[in-house]
Structures are given as structure tokens and as C-alpha cells.
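What follows is a single structure, written as C-alpha cells, with notes after it.
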Amino acid sequence: MSSLGGELLLDLNSGFEWHGVLYLHESTGAQPGGVLFEAGGAKGGPKVTVGLRDGGLVFVLTDLDGKELVTSPSIPATELLRPVDIGCVLNPPFQAPARLQLMVNFEERASAVGEVHLGRAEIVRSSFGTDLQGEAAATFSLFETLAYNKVLSAEERAQLRAYLTGRFTLG
């Protein structure tokens with residue numbers, strides 16, 4: 009996929025949930041640091057990143073001070089060589105400490121908990137296939153993406169799962 013960017017109005021202080029149905033192309037699995045999705049403020053500030061580090065998938069929250077809260081790279085890139093739903097959840101940071109969850113096909117596979125300084129955490133820019141600077145490219149096919157300005161309830165997530173599994177054959 010080529011890089012794709014645009015506007016995305018979200019407030020991380022309300023919580024955040026993102027789902028992308030995609031699969032990596034084999035060449036990406038060998039590329040360290042490839043970014044699948046990144047969203048951040050117009051002039052720097054906090055951002056969320058879904059990408060590859062140390063051979064695995066990670067979800068990263070970068071706060072106003074540049075401090076990163078990162079899930080462990082416990083999901084090998086090789087697991088993403090077939091269509092999967094990648095889900096990323098940020099529980100509202102005002103309920104300190106912040107908690108990140110990284111899911112594959114709606115199963116939590118990694119998490120991270122920590123203190124973050126988000127300030128007024130408005131997300132207005134997003135990019136698929138590269139970071140916001142147009143670097144750190146990853147090659148993948150994206151079938152569908154959904155972003156929510158909140159954390160989905162169990163019922164809402166079950167409805168989303170039914171929708172996505174009815175539409176796509178997830179590996």
C-alpha cells in the first residue's frame with residue numbers, strides 16, 4: 009500500500025480504539041520500524057503509533073514530553089502475513105495510569121500501563137503506511153479501518169467482531 013494520510017478528529021483524553029483489517033506483505037516483516045498507522049497533533053504533541061519493532065507488532069503512545077508507553081513486541085510480524093484485525097485500545101488517561109491494549113482478532117496479546125502527560129490531546133492528522141513525517145514505511149494491504157473517540161463496550165466490540173468476521177476471513 010502507498011502512504012495515505014488525512015484528518016482524523018479524536019481526543020485521546022476520552023479514550024481511543026482503532027481497528028484495522030490488514031495483512032503485511034512479506035517484505036515488511038524484515039523491515040525494522042515500519043509504521044502501519046500513526047495519528048498525532050497538528051504541531052507535534054501526543055501521538056499513537058501502530059508499527060513494527062524488534063520483529064514484532066507494537067502499539068505506542070507518545071506523550072507531550074516525548075515519553076513512550078509501549079506494548080511489548082510479543083506478536084511476531086509473521087502472524088500478520090494473512091488478513092487479521094489489529095485492535096488498539098487506550099483507556100482514558102485521566103483514569104491514571106494509562107493502559108494500552110493490543111489485540112489480534114479481538115484477543116488481547118499485549119498491554120502496557122504507565123503514567124503519561126497528554127495535556128490537551130487532540131489528534132488531527134493520521135497516516136497509514138508511514139509515520140507522520142512520511143518515513144518508516146511498511147508495506148501491507150489494508151481492507152478496512154475504524155477509529156473511535158472512546159473505548160468500545162463489550163457489546164459494541166462483539167457487534168464489531170461480528171461485522172468484521174462476517175465481511176472478512178480473518179486468520
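Here the working numbering runs 8 ahead of the position in the sequence shown, where the first position is 1.
Idealized CB from N, CA, C, for every residue including glycine.
Closest Cα partner of residue i within the set the options
| i | options | result |
| --- | --- | --- |
| Val43 | Phe67, His27, Thr153 and Ala170 | Phe67 |
| Tyr156 | Asp62, Leu69, Val29 and Leu98 | Leu98 |
| Leu72 | Met111, Asn21 and Trp26 | Asn21 |
| Gly122 | Ala166, Leu69, Val92 and Ile94 | Leu69 |
| Leu126 | Glu76, Leu60, Arg61 and Thr153 | Glu76 |
| Glu143 | Val29, Gly41, Trp26 and Ala170 | Gly41 |
| Arg165 | Gly63, Val132, Ile94 and Gly59 | Ile94 |
| Leu88 | Ala104, Leu65 and Leu110 | Leu65 |
Residue i, buried or exposed, once every other Cβ within 10 Å from all chains shown has been counted against 16
| i | result |
| --- | --- |
| Ala106 | buried |
| Pro84 | exposed |
| Lys55 | buried |
| Ser161 | exposed |
| Gly48 | buried |
| Glu46 | buried |
| Asp139 | buried |
Simplified DSSP assignment, three categories, for residue i
| i | result |
| --- | --- |
| Leu98 | strand |
| Glu87 | helix |
| Ala118 | strand |
| Ala47 | strand |
| Ser11 | In this prediction, Ser11 has a pLDDT of 41, which is less than 50 and means its spatial position is unreliable; nothing more can be read from the coordinates. |
| Glu164 | helix |
| Thr173 | helix |
| Ser135 | strand |
| His27 | strand |
| Ser149 | strand |
CB contact check: residue i to chain D, cutoff 8 Å
| i | result |
| --- | --- |
| Thr86 | Going by chain labels, chain D is absent from the structure shown, which holds only one protein chain. |
DSSP bridge partner residues for residue i (one or two, in chain order)
| i | result |
| --- | --- |
| Arg61 | Gly64 |
* Asked: Per the contact definition of three or more C-beta pairs closer than 8 Å, is the segment 23 to 38 in contact with the segment 143 to 160?
  -> yes
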